[in-house]
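Line order of the protein sequences matches chains Y and A. Count along the first sequence from 1, add 79, and you get the number used in this note's numbering. Count along the second sequence from 1, add 136, and you get the number used in this note's numbering. Note that beta-carbon positions come from the ideal geometry of N, C-alpha and C, so glycine has one too. What follows is a short report on a single structure.
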Amino acid sequence: QKEVEQNSGPLSVPEGAIASLNCTYSDRVSQSFFWYRQYSGKSPELIMSIYSNGDKEDGRFTAQLNKASQYVSLLIRDSQPSDSATYLCAVIILTGGGNKLTFGTGTQLKVEL
Amino acid sequence: GAVVSQHPSWVICKSGTSVKIECRSLDFQATTMFWYRQFPKQSLMLMATSNEGSKATYEQGVEKDKFLINHASLTLSTLTVTSAHPEDSSFYICSASTRVRTDTQYFGPGTRLTVL
């Protein structure tokens with residue numbers, strides 16, 4: 080089982096719709112969760128972090144965390160073509176060498192006009 | 137705030153040569169810096185973690201003698217790919233975290249290395 084799993088997509092949504100991106104993780108004791116956006120050929124950009132169960136909103140973005148289900152999601156409201164990118168879920172996982180930020184393979188989002 | 141730069145942004149070199157990549161935190165002190173590698177269509181893979189003034193900790197499968205990491209100050213870390221080969225061609229990305237927010241990493245823009 081992969082430590083952080085995401086559907087690779089592509090996920091296609093029309094402009095103005097809500098895009099829902101999902102992520103599951105394997106380490107039950109993980110406490111820190113992040114969503115990064117990566118445009119093609121560029122490095123990841125931090126969108127949101129979340130540490131507590133429930134929802135966290137920042138502008139058009141809402142992160143949702145459910146530790147019991149080991150599930151974290153990202154909702155993008157009023158999706159824009161500029162939101163088209165790969166979204167990486169990342170989780171701090173405790174390893175023998177200490178805490179490590181572990182990435183999923185990313186979900187490609189396409190927002191269509 | 138929390139800006140990380142990398143230099144160069146891209147480099148092309150001949151097989152067998154060494155390439156140095158610099159990573160700088162511009163507006164904060166980076167107690168820890170990380171080096172990642174990303175192959176096309178794949179996610180980021182951590183190569184090593186370095187703390188200022190101490191030796192880097194390498195991930196399993198990463199050759200420390202091939203990928204030399206130096207974290208000489210709180211704002212600068214370098215990665216040297218020694219005797220580069222075509223299979224080392226990849227997108228190398230550094231990130232940095234602070235003493236205050238140790239779990240949040242700020243990424244540099246990346247360096248695309250092509251070895252001919």
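Subject >> Where aspartate 137/Y falls: helix, strand or coil (DSSP) >> reply: Counted from its first residue, the first sequence places residue 137/Y at position 58. Three-state result, aspartate 137/Y: strand.
**OP:** Could you spell out where the beta strand (DSSP E) holding leucine 204/A opens and where it closes?
**Re:** The residue you call residue 204/A lines up with position 68 of the second sequence. 203-209 is the span of the beta strand (DSSP E), which, as asked, contains leucine 204/A.
Subject >> Chain-ordered chain A contacts of proline 123/Y [CB-CB under 8 Å] >> reply: Within the first sequence, the letter at position 44 stands for residue 123/Y. Simply Leu180, Ile229, Phe243.
**OP:** Specify the secondary structure class of serine 163/Y as computed by DSSP and reduced to three states.
**Re:** Position 84 of the first sequence, counted from the start, is the residue given in the question as residue 163/Y. It is coil, neither helix nor strand.
**OP:** Would you tell me roughly how many angstroms separate the C-alpha atoms of serine 226/A and phenylalanine 203/A, rounded to the nearest one?
**Re:** For the purposes of this step, residue 226/A is taken as the residue at position 90 of the second sequence. For the purposes of this step, residue 203/A is taken as the residue at position 67 of the second sequence. The straight-line gap from Cα to Cα measures roughly 13 Å.
**OP:** Measure from the C-beta of threonine 240/A to each C-beta in chain Y and report whether the shortest distance is under 8 Å.
**Re:** Within the second sequence, the letter at position 104 stands for residue 240/A. It does: the Cβ of threonine 240/A has a partner Cβ on chain Y nearer than 8 Å.
**OP:** Could you tell me whether the region 152-165 of chain A touches the region 172-182 of chain Y, where touching means 3 or more Cβ pairs closer than 8 Å?
**Re:** no
Original post:
chain Y partners of glycine 246/A, CB-CB under 8 Å?
Top reply: By 1-based counting over the second sequence, the position of residue 246/A is 110. Result: Lys121, Ser122.
Original post:
Ends of the beta strand (DSSP E) at threonine 167/A?
Top reply: If you number the second sequence from 1, residue 167/A lands on position 31. Premise fails: threonine 167/A is in no beta strand (DSSP E) and is neither H nor E.
**OP:** Starting from glycine 177/Y, trace the beta strand (DSSP E) both ways and give me its first and last residue.
**Re:** For the purposes of this step, residue 177/Y is taken as residue 98 along the first sequence, with counting starting at 1. 177-182 is the span of the beta strand (DSSP E), which, as asked, contains glycine 177/Y.
Original post:
Per the contact definition of three or more C-beta pairs closer than 8 Å, is the region 158-166 of chain A in contact with the region 213-221 of chain A?
Top reply: yes
Original post:
Where does glutamate 82/Y fall in DSSP's three states?
Top reply: Reading the first sequence from its first residue, position 3 is the one you call residue 82/Y. Coil, per DSSP.
Subject >> Chain-order list of residues whose beta-carbon lies under 8 Å from that of glutamate 94/Y (same chain, five-residue window excluded) >> reply: Position 15 of the first sequence, counted from the start, is the residue given in the question as residue 94/Y. For glutamate 94/Y, where only same-chain residues beyond five positions count, the Cβ hits under 8 Å are Ser158, Gln159, Pro160, Val190, Glu191, Leu192.
**OP:** Pick helix, strand or coil for proline 93/Y, following the three-state DSSP scheme.
**Re:** Stepping through the first sequence from its first residue, residue 93/Y is reached at position 14. In this structure, proline 93/Y counts as strand in the three-state DSSP scheme.
Subject >> CA nearest to the CA of tyrosine 242/A, picked from Gln110/Y, Thr184/Y, Glu124/Y, Leu144/Y >> reply: Indexing the second sequence from 1 puts residue 242/A at position 106. Measuring from the Cα of tyrosine 242/A, the nearest candidate turns out to be Glu124/Y.
**OP:** Excluding the 5 residues preceding and the 5 following tyrosine 150/Y in the sequence, name in chain order all residues of the same chain whose CB lies nearer than 6 Å to its CB.
**Re:** On the first sequence, position 71 is the one that residue 150/Y refers to. Counting only Cβ-Cβ distances below 6 Å, and skipping sequence neighbours, we find Thr103.
**OP:** Using only alpha-carbon positions, find the residue among Val108/Y, Tyr118/Y, Asn86/Y that is nearest to serine 131/Y.
**Re:** For this step, residue 131/Y is matched to residue 52 along the first sequence. Among Val108/Y, Tyr118/Y, Asn86/Y, the Cα nearest to that of serine 131/Y belongs to Val108/Y.
Original post:
Of all the options Glu82/Y, Asn86/Y, Ser99/Y, Leu90/Y, which has the alpha carbon lying nearest to the alpha carbon of serine 152/Y?
Top reply: Residue 152/Y sits at position 73 when you count from the first residue of the first sequence. With distances taken between Cα atoms, serine 152/Y lies closest to Ser99/Y.
Subject >> Environment of tyrosine 197/Y [buried if 16+ CB atoms lie within 10 Å] >> reply: The structure shown does not extend to residue 197/Y, since chain Y is modelled only from 80 through 192, so no value can be given for it.
Original post:
In whole angstroms, what is the alpha-carbon distance linking glycine 88/Y and serine 163/Y?
Top reply: Taking the first sequence and counting its residues from 1, one reaches residue 88/Y at position 9. Taking the first sequence and counting its residues from 1, one reaches residue 163/Y at position 84. Their backbone Cα atoms lie some 12 Å apart in a straight line.
Original post:
Considering only the beta carbon of each residue, do serine 231/A and valine 140/A sit closer than 8 Å?
Top reply: To locate residue 231/A, count along the second sequence from 1; it is residue 95. To locate residue 140/A, count along the second sequence from 1; it is residue 4. In contact: serine 231/A and valine 140/A (Cβ atoms closer than 8 Å).
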